[in-house]
Every structure is written in structure tokens, then in C-alpha cells.
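Comments concern the structure below.
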Amino acid sequence: MTGRPDRGRSDRESGVRKHVPETDRYRRRAHAGPRSGARHVPLRKVAAPAAQGVRQGPSDMDPFAGPRVRTPSRTGGGRKVALTGTKTVLGLVAALVLALTGYYWVQLAGFTEDLTTVDVIAGGDPGAEPLDGAMDILLVGMDSRTDAKGNPLSDEQLATLNAGEADGVLNTDTIILVHIPVEGGKAVGISIPRDSYVDIPDYGTHKINSAYSRAKNTTLSALRGDGLTNQAELEVRSNEQGAKNLIATVQRLTGVTVDHYAEVNLLGFFDITKAVGGIDVCLNEPVRDRFSGADFPAGRQTLSGAPALAFVRQRKGLPNGDLDRVARQQVFLSGMAKKVVSQDTLAPGSDTLDKLQDAVSKSVVLDKGWNVVEFAQQMTELTGGNLSFQTIPYGTVALDTPEDGSAVEIDPDEVKRFVQGVIPDAAPTGADSPADDPASPAEITVDVRNAAGVTGLAAGVADTLSEKGFRIGDVDNADARATTVVNHAAGEQANGTAVAAALGGNTQVEEAANIPAGQVTVLLGADYRPGDNPLTGSPLLDLAPHPARQPPVADGTCVN
0 MTGRPDRGRS DRESGVRKHV PETDRYRRRA HAGPRSGARH VPLRKVAAPA AQGVRQGPSD
60 MDPFAGPRVR TPSRTGGGRK VALTGTKTVL GLVAALVLAL TGYYWVQLAG FTEDLTTVDV
120 IAGGDPGAEP LDGAMDILLV GMDSRTDAKG NPLSDEQLAT LNAGEADGVL NTDTIILVHI
180 PVEGGKAVGI SIPRDSYVDI PDYGTHKINS AYSRAKNTTL SALRGDGLTN QAELEVRSNE
240 QGAKNLIATV QRLTGVTVDH YAEVNLLGFF DITKAVGGID VCLNEPVRDR FSGADFPAGR
300 QTLSGAPALA FVRQRKGLPN GDLDRVARQQ VFLSGMAKKV VSQDTLAPGS DTLDKLQDAV
360 SKSVVLDKGW NVVEFAQQMT ELTGGNLSFQ TIPYGTVALD TPEDGSAVEI DPDEVKRFVQ
420 GVIPDAAPTG ADSPADDPAS PAEITVDVRN AAGVTGLAAG VADTLSEKGF RIGDVDNADA
480 RATTVVNHAA GEQANGTAVA AALGGNTQVE EAANIPAGQV TVLLGADYRP GDNPLTGSPL
540 LDLAPHPARQ PPVADGTCVN
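Residue numbers (numbering that gives the first Met the number 0): 0 to 559.
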């Protein structure tokens with residue numbers, strides 16, 4: 000291979016790495032572009048698929064049977080189960096997956112008549128094609144105790160969802176900006192942490208998950224003052240204003256104009272997973288967690304409804320806490336996408352279509368100008384696109400605020416630069432100039448330094464960056480440090496941000512005087528965790544048609 004010693008390559012191909020006293024002591028000469036046939040070095044141990052004979056979960060598991068999901072008492076002093084974004088994020092992506100399998104939606108006669116729509120996209124013809132040809136969709140997950148029509152969920156529904164009692168505050172648990180490039184291609188979802196401390200139009204600086212509820216509550220007060228008493232109408236009209244304010248907040252933060260809006264409520268994930276017949280998962284060990292209601296055996300099993308919620312919510316009692324929860328989300332997402340796209344789940348004539356139509360009509364809200372049938376037809380033209388996820392860069396996750404408690408620190412200018420790196424056709428913002436545009440990955444040389452003391456870490460990260468098109472310079476060790484940082488040359492912050500985005504988007508980016516032009520140095524600290532950020536990293540959802548059926552469990556992987 001050009002630019003790489005044969006000895007190093009043969010060692011890698013044989014699966015053997017020569018160890019020396021240092022943790023990551025070897026060097027690479029810079030090479031142009033990604034390596035042909037490069038192999039990604041695993042950055043964390045992945046459990047082998049369950050051995051034959053492992054205890055199987057019942058494929059027809061009844062999500063309402065037995066003690067698997069513990070329903071909290073709705074009276075007295077019982078514990079309230081917190082609603083988390085992990086429940087709704089999968090419902091959002093499920094809805095997107097189903098939308099992207101456009102052929103099937105086109106078959107649904109009268110589907111659009113049952114959808115709940117809201118007038119939330121400002122300016123111009125709401126059905127007009129975006130000027131740049133691309134499409135930016137804001138996907139939002141709500142902790143709402145009402146359905147899409149504004150009707151309150153029954154006590155029985157809340158108990159079935161294991162949702163706990165309402166706390167009087169409506170927040171957006173999940174916020175994802177999905178960019179679909181012009182003429183299709185690779186779509187990307189940009190996740191915005193719910194506690195991001197940002198500027199909210201008309202309300203000052205607060206957590207972004209309150210943008211919706213602040214405008215909603217203001218509107219509720221005004222409508223009631225005008226004498227409106229119909230509760231369902233109050234909900235729908237105030238929710239519309241909440242959505243408008245959230246859209247404005249996201250646009251201000253990212254610099255991206257939102258073309259379409261999709262919102263899913265608490266019922267969404269529950270109903271969609273049941274409609275498709277559940278998703279197969281695999282656990283390394285049996286788990287029982289009273290906080291999430293998770294109570295599962297080891298091995299493969301099929302989950303839907305309430306058990307599926309518990310599976311993606313659990314973090315307590317797991318070896319790696321939130322990291323294991325992220326792994327569960329990724330496996331579940333991959334399984335759902337593959338089941339929907341590659342199997343007969345949505346074959347014409349299947350009763351699954353009716354179930355999905357019912358689930359979406361109850362739980363999904365779209366903007367009024369979105370022609371979903373036309374969108375579905377456009378999506379059928381995608382022949383090889385993937386949907387990958389990134390998370391916006393952020394600072395401390397324990398920022399003290401005057402009114403909102405602990406929040407996630409956000410630099411709006413850095414977010415805009417990051418978004419422009421992830422979405423090349425995003426319009427530049429006033430804070431940026433042409434000089435701030437990043438070079439192409441092939442023009443950026445990246446040195447990777449292992450300051451974490453983890454054997455092979457720098458080598459694995461270098462492989463990841465190389466596969467994304469960056470030129471790789473030196474791969475070596477560095478003095479131990481606690482935090483990970485990406486250093487860039489003077490005036491080349493965009494290059495550093497582009498590299499940070501390739502690593503997941505949550506890495507600190509700093510200018511360093513000793514970095515030559517066109518070069519970036521990555522210092523991997525003890526805090527570096529591959530896949531540390533929810534829904535970041537390599538593409539998870541292959542939405543292209545599959546010639547053969549594939550198992551819903553992602554690569555047969557068992558998780559904690």
C-alpha cells in the first residue's frame with residue numbers, strides 16, 4: 000500500500016499488533032485520501048453473538064403480560080418514572096424509516112387524510128421545494144400525555160406505557176435535525192441535547208427543551224383569556240405556537256432553515272414497535288431494573304411496546320451505564336430499519352400497513368405544507384443512501400444557570416461551523432467568512448496522539464479518520480491528559496471542527512501555535528469514549544433496498 004510500510008500492514012491483516020512498552024508507538028506517513036481496503040480497528044470490545052443454546056426469549060412476547068413491566072401507582076406517594084428522550088428518539092427514527100420506505104406509504108389510500116397537520120413553517124409557499132434542492136426536517140419527540148389530536152391519554156394508556164404521572168411541564172425530549180441532500184444520497188441526523196443552554200426567541204437563554212413549552216404556555220394563557228374552553232382545541236393551537244418557537248430556536252442555533260416538521264408523542268414508539276411485530280434483540284446477561292421496568296433473560300428475544308421502552312430506557316445496573324444504553328439504542332435502531340426495509344413486514348396486502356397507519360395517525364404531527372406522498376415518491380429514488388447521526392459540539396454538561404439548574408454549555412458559533420461541516424450545502428452564517436470554510440478531508444493531515452493510556456486507541460481513531468477521507472500523519476503517544484482536544488492551525492478552526500465532527504462532534508477544538516497550516520492534531524484524553532455520544536459515529540441505518548433478508552439484530556451483536 001502506498002505510503003505505508005509493508006510490515007505494518009501485514010501485522011494489521013494478520014490481526015497481530017506488535018507491542019512495545021509505549022501504548023501506541025508507531026508512525027504513519029501522510030497519504031492521499033482514504034486507504035483502499037482499510038479495516039476499522041475496534042475501539043471497544045464487542046461481545047460475541049450469543050452461543051447456540053442460549054436461553055431464548057419468546058418470539059411472541061406479550062408486552063402486557065406478567066411482571067416484566069412494573070406500572071407505578073397513580074395514587075398516593077408512589078415513585079414517578081421519568082420520561083426520557085431514549086423512548087421518543089427511537090419512535091422518531093422509526094417514523095423516518097417508515098417515511099423513507101416511500102413505496103409502502105404510497106399504497107395507503109387515504110393516509111394523508113388521517114394525519115394531523117399544523118401550520119408551523121413560516122414564509123412563502125409551505126409546499127414549495129427548498130431553494131437549494133435539499134430538505135431539512137426537524138424531528139421532535141414529546142413527553143406529551145395527549146395524542147396527536149389533543150385528546151388526553153387515559154389512565155390505562157399511561158399505565159401501559161409505564162409513563163408515570165404528568166408533572167405539568169411539556170418538554171421536547173428529543174430534537175433531531177435531519178438533512179436529506181439534493182437528489183437524495185446520504186442523509187444525516189444532527190442531534191441536539193435536550194438540556195442545551197441556548198438563546199430562545201422572545202424568552203432569553205434557557206434549555207432548548209423548554210422552547211416549545213414556553214411559547215405553548217404563553218399561548219394557552221392568551222387563548223383562555225379570550226374565552227376558549229375546548230381542551231382539545233386549546234392543546235392543538237398552543238402546541239402549534241410551541242412548535243413554531245422551537246423551529247425558530249433551532250434555526251437560530253444551527254443556521255439551517257427548517258423545511259419540514261415532524262413531531263411524535265409518547266404513544267409513537269410504543270405503537271410503531273407493536274405494529275411491525277417487535278424487534279429482535281440479544282442480551283449478554285439477564286437484567287432486572289425497577290427504575291425502567293426492564294426484566295429480561297439473556298439471549299435473543301423479541302420486544303415491542305412497553306418492554307421495548309424499558310429496553311431502550313435502562314441505564315441503571317448496566318456495566319457502562321449510559322454507554323450501554325446507547326449501544327442498545329443503536330442495535331434496536333438497526334434492527335428496526337432492517338426489519339422494515341428488508342423483510343416482508345410492509346409487503347402489499349400485509350395488515351401491518353393498517354396498523355402503522357393507525358399508529359402514525361394517533362402519534363405523529365406534520366407541518367401542513369408537507370406532501371408526504373410526493374416525499375415518499377422522491378425517497379424511492381434513493382438507491383444507496385444511509386442515515387447517520389451526529390451530535391452538536393458542547394462544553395461542560397454541568398453548567399450552572401440562573402434559572403434552569405444544571406445545563407449543557409453550547410457555543411452557537413461553534414455549532415454553526417459544525418453544522419456547515421456536516422451539511423456542506425448549509426448556508427453560511429454571519430459569524431463565518433469564506434476563510435472559515437474547512438478544506439476537504441483529503442487536504443487535512445491529522446496527527447493522532449494517545450494520551451489516554453489505552454493500547455491501540457490512537458491507531459483505531461486514525462483508521463476511523465482515514466476511512467472518512469482524512470490524510471493521516473503521525474500516530475504516537477503523548478503525555479497523559481484527562482480531556483480530549485482537537486488542535487488546529489491559526490485561522491483554521493473549520494478544519495479542527497471538521498475533524499471533531501468526524502469523531503462524533505463533542506470534542507473540544509482549540510487553536511495551537513505549533514500546528515502548521517493544513518494540519519490538525521488529535522490528543523485523546525482519558526475521557527475519550529468511542530461511541531460516547533447518543534446516535535453518533537458510523538451510519539446506523541442502511542435504507543437502501545436489500546436483495547436478501549437480514550437478521551434484525553445488528554450484525555448478530557449481543558449487548559449489555
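Every residue, glycine too, gets a C-beta built ideally from N, C-alpha and C.
Every value quoted in this text rests on a predicted model; they were computed, and no experiment measured them.
- Query: For the candidate residues Val445, Gly524, Glu510 and Ala477, whose alpha-carbon lies nearest to that of Val498?
  - Reply: Within the sequence shown, numbered from 1, the residue matching residue 498 stands at position 499. The residue with the shortest Cα to Cα distance from Val498 is Val445.
- With DSSP as the reference, please indicate the residues paired to Cys281 in a beta bridge. Here residue 281 refers to the residue found at position 282 of the sequence shown. Note: Cys281 is bridge-paired with Arg299 in the DSSP secondary-structure output.
- Message: Below 8 angstroms on the Cβ atoms is my contact criterion, and I expect Lys206 with Ala457 to pass it. Report the Cβ-Cβ distance as a whole number of Å.
- Response: Position 207 of the sequence shown, counted from the first residue, corresponds to residue 206. Position 458 of the sequence shown, counted from the first residue, corresponds to residue 457. The pair is not a contact, with the Cβ atoms about 36 angstroms apart (cut-off 8 angstroms).
- Rounded to a whole number of angstroms, what is the C-alpha to C-alpha distance between Asn229 and Gly140? The residue given as residue 229 occupies position 230 in the sequence shown. The residue given as residue 140 occupies position 141 in the sequence shown. Straight-line measurement puts the Cα of Gly140 at about 25 angstroms from the Cα of Asn229.
- Any idea what DSSP makes of Gly208, helix, strand or coil? The residue given as residue 208 occupies position 209 in the sequence shown. Sequence check: residue 208 is Asn here, not Gly. Asn208: helix per DSSP, three-state reduction.
- Can the beta-carbon of Pro401 be found less than 8 angstroms from the beta-carbon of Val197? Locating residue 401 in the sequence shown gives position 402, where the first residue counts as 1. Locating residue 197 in the sequence shown gives position 198, where the first residue counts as 1. Their beta carbons are not under 8 angstroms apart, which means Pro401 does not touch Val197 by this criterion.
- Do you know how far the Cα of Asp478 is from the Cα of Phe561? The structure shown does not extend to residue 561, since the chain spans only 0 to 559, so no value can be given for it.
- Task: To the nearest angstrom, report how far apart Arg299 and Ile278 are at their CA atoms.
- Result: In the sequence shown, the residue the question calls residue 299 occupies position 300. In the sequence shown, the residue the question calls residue 278 occupies position 279. Cα to Cα, the separation comes out at about 10 angstroms.
- Message: Taking the beta carbon of Glu262 as the centre, do at least 16 other beta carbons fall within 10 Å, making it buried, or is it exposed?
- Response: Translated into the one-based positions of the sequence shown, residue 262 becomes position 263. Per the 10 Å Cβ criterion, buried.
- Query: Would you call the CB atoms of Thr272 and Ser303 closer than 8 angstroms?
  - Reply: As a working note, residue 272 is residue 273 in the sequence shown. As a working note, residue 303 is residue 304 in the sequence shown. Yes. Within cutoff.
- Query: Which term fits Gly459, buried or exposed, when burial requires 16 or more other beta carbons within 10 angstroms of its beta carbon?
  - Reply: In the sequence shown, the residue the question calls residue 459 occupies position 460. The residue is buried, with at least 16 neighbouring Cβ atoms inside 10 Å.
- Just the C-alpha distance for Asn559 and Asn283, rounded to the nearest angstrom, thanks. For the purposes of this step, residue 559 is identified with residue 560 of the sequence shown, where counting begins at 1. For the purposes of this step, residue 283 is identified with residue 284 of the sequence shown, where counting begins at 1. Cα-Cα distance, rounded: 5 angstroms.
- Query: Do you know how far the Cα of Ala274 is from the Cα of Thr351?
  - Reply: What you label residue 351 is simply residue 352 of the sequence shown in a count that begins at 1. What you label residue 274 is simply residue 275 of the sequence shown in a count that begins at 1. About 6 angstroms.
- Message: Can you check which of these residues, Phe269, Asn370 and Pro437, is closest to Leu355 by C-alpha distance?
- Response: By 1-based counting over the sequence shown, the position of residue 355 is 356. Closest in alpha carbon position to Leu355, among Phe269, Asn370 and Pro437, is Phe269.
- Query: Just how far apart, CA to CA, sit Lys86 and Gly524?
  - Reply: Taking the first residue of the sequence shown as position 1, residue 86 is located at position 87. Taking the first residue of the sequence shown as position 1, residue 524 is located at position 525. Because Lys86 carries a pLDDT of 33, less than 50, the predicted location of this residue cannot be relied on, and the following value inherits that uncertainty. When rounded, the distance between both Cα atoms is 31 angstroms.
- Query: For Arg287, which residues of its own chain have a beta-carbon under 6 angstroms away from its beta-carbon, when the five flanking residues on both sides are left out?
  - Reply: In the sequence shown, residue 287 corresponds to position 288, counting from 1. Sequence-distant partners of Arg287 (beyond 5 residues in either direction) whose C-beta falls short of 6 angstroms from its own C-beta, in its chain, are Asp294.
- Query: Arg287 by DSSP, collapsed to three states: which one?
  - Reply: Residue numbering aside, residue 287 sits at position 288 when the sequence shown is read from its first letter. The answer is strand: DSSP assigns Arg287 an E or B state.
- Contact check, Gln389 vs Val421, beta carbons under 8 angstroms: Here residue 389 refers to the residue found at position 390 when the sequence shown is read from its first residue. Here residue 421 refers to the residue found at position 422 when the sequence shown is read from its first residue. For the pair Gln389 and Val421, the CB atoms are nearer than the 8 angstroms cut-off.
- Task: Rounded to whole angstroms, what's the CA-CA distance from Arg251 to Val519? Just pull it up for me.
- Result: The residue labelled residue 251 in the question sits at position 252 within the sequence shown. The residue labelled residue 519 in the question sits at position 520 within the sequence shown. Cα-Cα distance, rounded: 29 angstroms.
- Item | Buried or exposed (CB count within 10 angstroms, at least 16 for buried), Ala489 | The residue you call residue 489 lines up with position 490 of the sequence shown. With fewer than 16 other Cβ atoms within 10 Å, it is exposed.
- Item | Whether Ala358 touches Pro437 by CB criterion (8 angstroms) | What you label residue 358 is simply residue 359 of the sequence shown in a count that begins at 1. What you label residue 437 is simply residue 438 of the sequence shown in a count that begins at 1. Not a contact, by the Cβ cut-off of 8 angstroms.
- Query: Where does the unbroken beta strand (DSSP E) through Gln313 begin, and where does it stop?
  - Reply: In the sequence shown, residue 313 corresponds to position 314, counting from 1. Premise fails: Gln313 is in no beta strand (DSSP E) and is neither H nor E.
- Message: Less than 8 angstroms between the C-beta atoms of His487 and Val508, yes or no?
- Response: Your numbering for residue 487 matches position 488 in the sequence shown. Your numbering for residue 508 matches position 509 in the sequence shown. Cβ atoms of His487 and Val508: closer than 8 angstroms.
- When Ile514, Val485, Asp475 and Glu413 are compared against Leu502, the one with the closest alpha-carbon: Position 503 of the sequence shown holds residue 502. Among Ile514, Val485, Asp475 and Glu413, the Cα nearest to that of Leu502 is on Val485.
- Item | Environment of Ser220 [buried if 16+ CB atoms lie within 10 Å] | On the sequence shown, residue 220 is found 221 positions in, with the first residue counted as 1. Around the Cβ of Ser220, a 10 Å sphere holds fewer than 16 other Cβ atoms; the residue is exposed.
- Option nearest Ala158 by Cα separation, candidates Asp172, Leu308 and Leu464: As a first step, residue 158 must be located in the sequence shown, where it is residue number 159. With distances taken between CA atoms, Ala158 lies nearest to Leu308 out of Asp172, Leu308 and Leu464.
- Task: Return the CA-CA distance between Thr562 and Asp462, expressed in angstroms with no decimal places.
- Result: Summary: the structure shown does not reach residue 562, with the chain confined to residues 0 through 559, and so no result is reported for it.
- Do you know offhand how far Leu245's Cα is from Ala210's? Taking the sequence shown and counting its residues from 1, one reaches residue 245 at position 246. Taking the sequence shown and counting its residues from 1, one reaches residue 210 at position 211. Taking the straight line joining both Cα atoms gives about 5 angstroms.
- Message: Helix, strand or coil for Thr218? Go by DSSP, reduced to three states.
- Response: Reading the sequence shown from its first residue, position 219 is the one you call residue 218. Helix.
- Item | Residues near Glu239 by beta carbon distance below 7 angstroms, same chain, minus five either side | Translated into the one-based positions of the sequence shown, residue 239 becomes position 240. Excluding sequence neighbours, Glu239 sits near Val117, Asp118 and Val119.
- Looking at the structure shown, is Leu317 part of a helix, part of a strand, or coil, going by DSSP? For the purposes of this step, residue 317 is taken as residue 318 along the sequence shown, with counting starting at 1. Residue state, collapsed to three classes: coil.
- Report the residue from Val330, Glu155, Ala305 and Pro285 whose alpha carbon sits nearest the alpha carbon of Ser291. As a working note, residue 291 is residue 292 in the sequence shown. If we check each option's Cα against that of Ser291, Ala305 comes out closest.
- Query: Given Arg193, which residues of its chain have a CB within under 8 angstroms of its CB, disregarding the five upstream and five downstream residues?
  - Reply: If you number the sequence shown from 1, residue 193 lands on position 194. Here the set comprises Gly84, Asn170, Thr171, Asp172, Thr173, Ile174, Lys206, Ile207 and Asn208.
- Message: Quick check on the burial criterion: 16 or more other C-beta atoms within 10 angstroms. Buried or exposed for Thr218?
- Response: Counting from one through the sequence shown, the residue named residue 218 turns up at place 219. By the C-beta density criterion, Thr218 is buried, having at least 16 other C-beta atoms within 10 angstroms.
- Query: Cα separation between Glu232 and Arg470?
  - Reply: For the purposes of this step, residue 232 is taken as residue 233 along the sequence shown, with counting starting at 1. For the purposes of this step, residue 470 is taken as residue 471 along the sequence shown, with counting starting at 1. A straight line joining the alpha-carbon of Glu232 with that of Arg470 spans about 57 angstroms.
- Message: Quick check on the DSSP output: the beta strand (DSSP E) that includes Ser190 runs from which residue to which?
- Response: As a working mapping, residue 190 is identified with position 191 in the sequence shown. Ser190 -> beta strand (DSSP E) spans Ala186 to Ser190.
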